[in-house]
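Visitor: Numbering (my numbering), first residue to last: 8 to 385.
Glycine is no exception: its CB is placed at the ideal position from the N, C-alpha and C atoms.
Nothing here was measured: the structure is a model prediction, and the numbers come from that model.
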Ligand SMILES: Cc1ncc(COP(=O)(O)O)c(C=O)c1O
């Protein structure tokens, strides 16, 4: 089925009566084939390069549940080396990586302390209680994006006859819902030290860790040297079609590997997807281009009357629509009609994301189209 912008809709997205979901907002089932649409919904919308497809076709493979897949083994070694940890395990998604890490770190009934805007809490389908029987205790980390040492000490629960005990603190870097904030190492360290002083381990959700490291001019091993474990994605800014890794000490990763199996993530000839993920590691340095495009996009959108777009740290641009008097959803839908796709995030906020498949020209074109929409709505 093809909608009016020449977009092929998959079987789940189209309805028999011909109704077609708009290419924005909550409807993520649209497959954009017609390149006239500038797709800024996420950095996960990139298509694998010709090299990635070739690597997938040629990858030596084996049964990874038996640890027989040389390509997965290579990816796990490379990921561990990059993160400065003893080991790594390849997982299909960031969500599975985070939730497997949480399950491995905690015991049923414990508490997990995190920011109220954390992806693990807000966007993973309640996986913390559903998959680990753990209760989240949330704090408002504000612009800092990770809890302060004082918040960790105040939120900590010591185990006794009545209270379950805090089993884990999670941090996020970059912080998605807070606008792609690149959290400085001092703040990560301060949170990790405060948790460790209380005997609590720390997991870092680094779905976009490479973006944070590039923005802060540091490397992952340094950023992670005081946390216990982390997850990072190959399938976001780095452009792999599939895959994330959980990194940490050997014994922890062995545990996470068992949990991955429990969650249905024990993959067989996974070298097919690990090979493009290895190629994706070559894309770290070019993230500066995405960050520059995001900065340009934010500056230009901020100049449009009725819109406010703070300067981003990385590749996520938050745009506030209060000045136009419309909700984020109305604005995103109207821009979708003009073939610029992005998501409404909150009542009056939209998120636009730069990535490997958009360049400066696309950004300028997107700004022109968005400016036209804003003018119509004013
Ligand atoms: C911060 C953060 N963590 C975890 C995830 C989950 O990754 P996935 O979509 O691969 O499950 C995302 C996805 O956008 C994210 O932004």
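Taking Cβ positions, are residue 159 and residue 228 nearer each other than 8 angstroms?
Guide: No, the Cβ-Cβ distance between residue 159 and residue 228 is not below 8 angstroms.
Visitor: Classify residue 169 as helix, strand or coil using the three-state DSSP reduction.
Guide: Coil.
Visitor: At what residue ranges does the stretch 125-182 contain a whole run of the alpha helix (DSSP H), taking only runs of 4 or more?
Guide: Fully enclosed alpha helix (DSSP H) runs of 4 or longer: 126-129, 134-139, 156-162.
Visitor: In its own chain, which residues sit with a C-beta less than 6 angstroms from the C-beta of residue 283, not counting the 5 before and 5 after it?
Guide: Contacts found: 55, 59, 62, 63, 247, 248.
Visitor: Could you round the C-beta distance between residue 198 and residue 321 to whole angstroms and report it? I think they count as a contact, below 8 angstroms.
Guide: Actually they do not touch by this definition, with Cβ atoms about 19 angstroms apart.
Visitor: Check whether the Cβ atoms of residue 45 and residue 326 sit closer than 8 angstroms, and answer yes or no.
Guide: Not closer than 8 angstroms, so no.
Visitor: Which term fits residue 152, buried or exposed, when burial requires 16 or more other beta carbons within 10 angstroms of its beta carbon?
Guide: Classification of residue 152: buried, given that the 10 Å Cβ count is 16 or more.
Visitor: In whole angstroms, give me the CA-to-CA distance for residue 254 and residue 261.
Guide: Cα-Cα distance, rounded: 10 angstroms.
Visitor: Can you pull the DSSP bridge partners for residue 294?
Guide: Answer by DSSP bridge pairing: none, since residue 294 is not bridged.
Visitor: Taking the alpha carbon of residue 190 as the reference point, which residue from 155, 276, 106, 87 has its own alpha carbon closest?
Guide: With distances taken between Cα atoms, residue 190 lies closest to 155.
Visitor: Among the residues of its own chain, which have a CB less than 7 angstroms from the CB of residue 307, if the five just before and after it don't count?
Guide: Counting only Cβ-Cβ distances below 7 angstroms, and skipping sequence neighbours, we find 374.
Visitor: Under 6 angstroms Cβ to Cβ from residue 182, same chain only, skipping five residues before and after it: list those, please.
Guide: For residue 182, where only same-chain residues beyond five positions count, the Cβ hits under 6 angstroms are 152, 188.
Visitor: What residue does the alpha helix (DSSP H) around residue 349 start on, and which one ends it?
Guide: Note, residue 349: premise wrong, no alpha helix (DSSP H); not H, not E.
Visitor: With a cut-off of 8 angstroms, do at least 3 Cβ pairs link the stretch 139-153 to the stretch 84-94?
Guide: Segments in contact, no.
Visitor: Would the stretch 225-245 and the stretch 68-79 be scored as touching if the rule is three or more Cβ pairs under 8 angstroms?
Guide: Not touching, per the Cβ criterion.
Visitor: At a cut-off of 7 angstroms, would you count residue 364 as near ligand 1, judging by its Cβ distance to the nearest heavy atom?
Guide: False, no ligand heavy atom lies under 7 angstroms from that Cβ.
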